[in-house]
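Following: one structure in structure tokens, then a few remarks.
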Amino acid sequence: LAAECGVDIIDLKNPAAGALGALPLHMVASIAGELRGRAPLSATVGDLPMEPETVRSAVAAMAATGVDYVKLGFFPGGDWLGVIENLKSLTERKVRLVAVLFADQRFALDWLSLFAAAGFAGAMLDTADKQAGSLTGLRDVSFLSAFVNATHRQGLLCGLAGSLRVEDIEPLRQLGPGYLGFRGALCSGVRTGELNPRLVAELLTQIRTPAHV
-10 LAAECGVDII DLKNPAAGAL GALPLHMVAS IAGELRGRAP LSATVGDLPM EPETVRSAVA
50 AMAATGVDYV KLGFFPGGDW LGVIENLKSL TERKVRLVAV LFADQRFALD WLSLFAAAGF
110 AGAMLDTADK QAGSLTGLRD VSFLSAFVNA THRQGLLCGL AGSLRVEDIE PLRQLGPGYL
170 GFRGALCSGV RTGELNPRLV AELLTQIRTP AHV
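At position 14 of the sequence shown the residue is numbered 3 (the numbering used here), and the sequence of numbers has no breaks.
In structure tokens:
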């Protein structure tokens, strides 16, 4: 459905399994084979503890499915530095990694320079607790702008997501992110529901309408 609607990138995850719940590897590989060349694909590795070997193993396995980007969340606690250092062997093999930071948790923007130094392809800001509110409700424009600008300064692809709605498009795209991520706004009923092609089409029209000056 997403590919037929003409979206710019398709993200593969299981929202019933957490903020970045992962789909089974065989399913991701099947989707990658079916949609190869139709749209870039990203996939999450799950809500993992920040243990270097655990994360590296999951990232390597997901990258082997053939997706274009592998997303991994940086959750509180654990060994962030060790995780980043341990992933260099994968980025050196051209695995494109996107670090996901969470607006409803505390972190320093200085981490973005470490992602860039380790060869990550991008960084995005999302929300971990989907009941805590949307990205725009949790963080003000000044913080979101600082995140986007800091990500760009490091040469990283920048994404924003987190219970975004159609009305968030205009203010957020003025900040200049590389992409905006949606799920709940595209589903009938709850965010874990089925994609609604009409809602996808309406949102795409809104995104592709020239920004107001």
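Glycine included, C-beta positions come from ideal geometry on N, C-alpha and C.
{"query": "For residue 189, which option in 64, 155, 17 and 165 has the closest C-alpha, if you only look at C-alpha atoms?", "result": "155"}
{"query": "Ignoring anything shorter than 4 residues, give me the alpha helix (DSSP H) runs that lie fully in the segment 110 to 153, in order along the chain.", "result": "124 to 127 and 130 to 142"}
{"query": "Pairs of beta-carbons, one from the segment 17 to 34 and one from the segment 132 to 144, closer than 8 angstroms: are there three or more?", "result": "no"}
{"query": "Please state whether DSSP places residue 104 in a helix, a strand or coil.", "result": "helix"}
{"query": "Using three-state DSSP, classify residue 10 as helix, strand or coil.", "result": "coil"}
{"query": "What is the residue span of the beta strand (DSSP E) that residue 165 lies within?", "result": "No beta strand (DSSP E) contains residue 165, which DSSP labels as neither H nor E."}
{"query": "Using the C-alpha atoms, what's the distance from residue 177 back to residue 85?", "result": "32 angstroms"}
{"query": "For residue 151, verify whether its CB is less than 6 angstroms away from any heavy atom of the ligand MN.", "result": "Because no ligand of any kind appears in the structure shown, any question about the ligand MN cannot be addressed here."}
{"query": "Is the segment 37 to 45 close to the segment 64 to 72, with three or more CB pairs under 8 angstroms?", "result": "yes"}
{"query": "How should residue 60 be labelled, buried or exposed, when 16 other C-beta atoms within 10 angstroms of its C-beta is the threshold for buried?", "result": "buried"}
{"query": "Identify, in the order they occur along the chain, each residue of the same chain with its Cβ nearer than 7 angstroms to the Cβ of residue 184, setting aside the five sequence neighbours on each side.", "result": "-10, -9, 175 and 176"}
{"query": "Based on DSSP bridge pairs, tell me the residues matched to residue 89.", "result": "62 and 113"}
{"query": "Under the DSSP definition of a beta bridge, which residues are partnered with residue -1?", "result": "30"}
{"query": "Rounded to the nearest angstrom, what separates residue 49 and residue 102 at their Cα positions?", "result": "22 angstroms"}
{"query": "Does the separation of the CB atoms of residue 125 and residue 5 fall below 7 angstroms?", "result": "no"}
{"query": "Using only CA atoms, which one of 179, 160, 186 and 172 lies nearest to residue 199?", "result": "160"}
{"query": "Which of the three DSSP states is assigned to residue 198 in this structure?", "result": "coil"}
{"query": "For residue 121, which residues in the same chain have their Cβ closer than 6 angstroms to its Cβ, ignoring the five residues on either side in sequence?", "result": "93"}
{"query": "Taking residue 115 and residue 137 to be in contact with their CB atoms under 8 angstroms, please state how far apart those CB atoms are, rounded to whole angstroms.", "result": "Their Cβ separation, rounded to whole angstroms, is 14 angstroms, which puts residue 115 and residue 137 out of contact at 8 angstroms."}
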